[in-house]
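Asks: For what it's worth, UniProt numbering labels the leading residue of the sequence shown as 1, then goes sequentially.
Note that CB positions come from ideal geometry on N, CA and C, so glycine has one too.
A single structure is presented below for examination.
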Amino acid sequence: MKYGELDDNYLLQRLADGDGTAFREIYLRYWQRLYTVAFRKTKCRETAEEVVQQIFVRLWEMRAGTTIENLSGYLHTAVKYSIIALYREKLSDARYQEHAKVFQNQYDRSTEKEIALQDLVQAINSGVEQMPAKTQQIFSLNRLENQSVTQISESLKLPSRTIEYHITQGMRLLKLHLKDFVSFSLAALSLLV
């Protein structure tokens, strides 16, 4: 029997029976794809390898107790959640955790939309991180923590006009930062339609 010619559903049945050769074929079939997705998100070879390796270890350990209908979707979703968990561990700033949680809860569960959402969150976080320190602080208080101009003005002991200026600057800088991202995303979307 040539395992390379078997479909995913049959391999999953064999895997549930403890067939190591079926597991090896799944690993060979999906490792590079999953690694590519993980590396694109983490930008770190070791981290991407670790994420993918953990997914395959869990797949083997849970082989008999898990019902998987779409292997590719299952594995790609596992990569997504593993990376989200990894970022949660690394994020110490509560405002970014809340920001990521809001976006995470609003996505549609299709794989393409999940990946697009992750890219958008990453682009927004990158744009906010590139803002000057004071603009970043005020923008984050207003947009991520929903504080009003008056509240920020009182807590930072700055005039309201200064707060409004930094919020406007933050929006302008973020729009400029996201301009290329949105253009690329729309171009990619037009290819899918």
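Any contact between the segment 142-155 and the segment 117-124? By contact I mean 3 or more CB pairs, one from each, below 8 Å.
Replies: no
Asks: Given this structure, state the Cα-to-Cα distance separating residue 27 from residue 41, to the nearest angstrom.
Replies: Distance from the CA atom of residue 27 to the CA atom of residue 41, rounded to whole angstroms, is 20 Å.
Asks: Which of helix, strand or coil does DSSP assign to residue 62?
Replies: coil
Asks: Which residue's Cα is closest to the Cα of residue 130: 162, 30, 155 and 177?
Replies: It is 177.
Asks: Taking residue 128 and residue 174 to be in contact with their CB atoms under 8 Å, please state how far apart those CB atoms are, rounded to whole angstroms.
Replies: 7 Å
Asks: Does residue 7 pass the burial test, meaning 16 or more other C-beta atoms within 10 Å, or should it be called exposed?
Replies: exposed
Asks: Using three-state DSSP, classify residue 147 as helix, strand or coil.
Replies: coil
Asks: To the nearest whole angstrom, what separates the beta carbons of residue 57 and residue 38, a pair I think is in contact under 8 Å?
Replies: That pair is no contact at about 14 Å.
Asks: Give the list of continuous beta strand (DSSP E) stretches no shorter than 3 residues that lie fully inside the segment 29-73.
Replies: Considered as a whole, the segment 29-73 harbours no complete run of any beta strand (DSSP E) with no fewer than 3 residues.
Asks: Determine the closest residue to residue 35 out of 75, 23 and 168, with distance taken between C-alpha atoms.
Replies: With distances taken between Cα atoms, residue 35 lies closest to 75.
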